[in-house]
Structure formats: structure tokens, C-alpha cells
Amino acid sequence: MAEVTVDTLEGGALWRVTFSNGTGNILDGETMRGITEVFRKARASAPLKAICLTGAGKHFSFGASVQEHMPGQVEAMFAAFRDLVFAMLDADVVTIAAVKGRCLGGGLEVAALCHHIVATGDARFAQPEITLGVFAPVASIVLVDRIGRVNAEDLCLSGRTIDAGTAHGMGLVNAIHEDPLAAGVAWAQEQFGAHSPSSLRHAVRAVRADLKRRMQNELPALETQYLQQLMKTADAVEGLTAFLEKRPATWRHA
Numbered sequence: 117m118a119e120v121t122v123d124t125l126e127g128g129a130l131w132r133v134t135f136s137n138g139t140g141n142i143l144d145g146e147t148m149r150g151i152t153e154v155f156r157k158a159r160a161s162a163p164l165k166a167i168c169l170t171g172a173g174k175h176f177s178f179g180a181s182v183q184e185h186m187p188g189q190v191e192a193m194f195a196a197f198r199d200l201v202f203a204m205l206d207a208d209v210v211t212i213a214a215v216k217g218r219c220l221g222g223g224l225e226v227a228a229l230c231h232h233i234v235a236t237g238d239a240r241f242a243q244p245e246i247t248l249g250v251f252a253p254v255a256s257i258v259l260v261d262r263i264g265r266v267n268a269e270d271l272c273l274s275g276r277t278i279d280a281g282t283a284h285g286m287g288l289v290n291a292i293h294e295d296p297l298a299a300g301v302a303w304a305q306e307q308f309g310a311h312s313p314s315s316l317r318h319a320v321r322a323v324r325a326d327l328k329r330r331m332q333n334e335l336p337a338l339e340t341q342y343l344q345q346l347m348k349t350a351d352a353v354e355g356l357t358a359f360l361e362k363r364p365a366t367w368r369h370a
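Just so you know, the working numbering puts 344 at position 228 of the sequence shown, and the rest follows in order with no gaps.
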């Protein structure tokens, strides 16, 4: 069962947010809605400066639910994920992702939306949607913004898994630490502890204006391409079905 918990630190200036949904912290609709609600509340919390987001247990997240990518469910999943993306962008607070274990697919998209990523040395990152016959609309925007087009194309088109050191070299990961949650909290305290919360919100809004504008302008077209074109192909449905059935996909090239 999905659960999202919030620990308040520094008199409300910092929130430590942990989401939990099984071993892989799958981002199904329920989990997305739980995280979205936290970020919506964050917008109304005057003392808040930063949120440190992490997954419970050994992994950050294996990504969005593949079952919810299937025809008849994917539209609702996209709507829930869109709400989460814009809740994060609208919160106007600094966001830190504390990553351990695997950070895949939708999990990587959520982490990449954060300002700062701290990861363990053994963390692994991937945008593997293409290996399932589909693509990642949000990653197609946010990874270009975060790590540049060449690196974004590398991850989105290959689907390969990279280690924390490689991710750090790309600029995806900001720091490597054995305890990323503690390191993320310490970084926020050091960097923003003396700042005015209201002024910091204005600064966050200003520096993120371009990313938010791109997401507003470009995400609808990518979702339409996915839903109305990609999902009408046999290979997209086959790739998702094969994953759920734990077998190799048989591509029909259509």
C-alpha cells in the first residue's frame, strides 16, 4: 500500500518527505497523488524553504507502474503524473532528491525535476522506457534541461543504466554520499538556512520560469503523440505486455 510521510525539521523550514510503495516504490496513481498533495501543501507553508524527497527502503523508485501504462489506464496515469510534475514546479521551494539503489523511469523524472540530487555510490539510474517500446514525455523535456541534449538523448534513446559516477559526470547527480538523505538535509541547511523563505520562493520561481514554461508548452504535444500515435502501434503494446508477462518482446516493426 502506498504511503507518503512528512517529517518537519528546522521549525518548518525543511520537510523530509518519504514515499513508500513496495520494494521498488512504484509510482502508481495512488503514490503520485500522495506526493502531489504534499507539494500542494508546501506551496501554502510560509516558513518552508526546501523539501528533501526520498524513497523508503533500499531504492528510490523503479518508476511508474507498467500496468498503468496499458491501454485504458495510461490516460489516467498521465494525468496523475502531470499533476505531480506541476505541483513540484508550482511549489516554489528548493527540492532535493536523496537517491539510493535504483532510480528508474518515472522515478528518474521525479528526481531530475529536483534542484539537487544526492546519491549513494552504488545508485543506478536509467530511463528505460524505450526498451518497453515506449518513450518518456517528461524526461524528454527535463533531462534536456538538466544534462543537455546529447546526454538526454543517450539515456532516452538507449535505455541504458548508468552508475552514480557516470551520472555525476553528466551533471545529473550533484553529490555522492553514503547517506544521501542526511547529506541532502545538511546541504539545504547550509545553503538556505539564513535566507528569507519568501525571497527564496521568488528566486526559485524566477530561475525555474523557463523550465515551467517549456513543460507547459511542450508536454501536451508529447502526451498527444504518445496516446494518439505511439499507443496505436503494435510494438508499444507488445513491449509493455512482454514486460508484464516477463518474456522478451517480439517486435512487429509497426
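A virtual CB, placed ideally from N, CA and C, is assigned to each residue, including glycine.
Remember, it's a predicted structure, so these values are computed and weren't measured experimentally.
- L205 and R324 do touch by the CB rule: their CB atoms are close to 6 Å apart, below 8 Å.
- When the beta-carbon positions are compared, F308 and A166 come within less than 8 Å of each other.
- Per DSSP, reduced to three states, the secondary structure at I246 is helical.
- Around A370, the same chain offers T349, A350 and D351 as residues with beta carbons nearer than 7 Å, after the five sequence neighbours per side are excluded.
- In terms of Cβ geometry, V201 and V254 form a close pair [threshold 8 Å].
- Taking C-beta atoms under 8 Å as the contact rule, T152 and A118 fail to qualify, at a distance of about 12 Å.
- If you compare the alpha carbons of D123, M186, F155 and A172 with that of L360, the shortest gap goes to M186.
- If the five residues before and after A242 are omitted, its C-beta is found closer than 6 Å to the C-beta atoms of L220 and T277, all from its own chain and listed in chain order.
- The residues S181, E184, A192, M193 and A196, in chain order, have a CB closer than 8 Å to that of G145 in the same chain once the five nearest residues on each side in sequence are set aside.
- The three-state secondary structure of F251, taken from DSSP, is coil.
- Three or more Cβ pairs closer than 8 Å define a contact, and the stretch 280 to 288 meets that threshold against the stretch 250 to 265.
- The Cβ atoms of H231 and T247 do not sit closer than 8 Å to each other.
- When the beta-carbon positions are compared, L297 and T139 stay at least 8 Å from each other.
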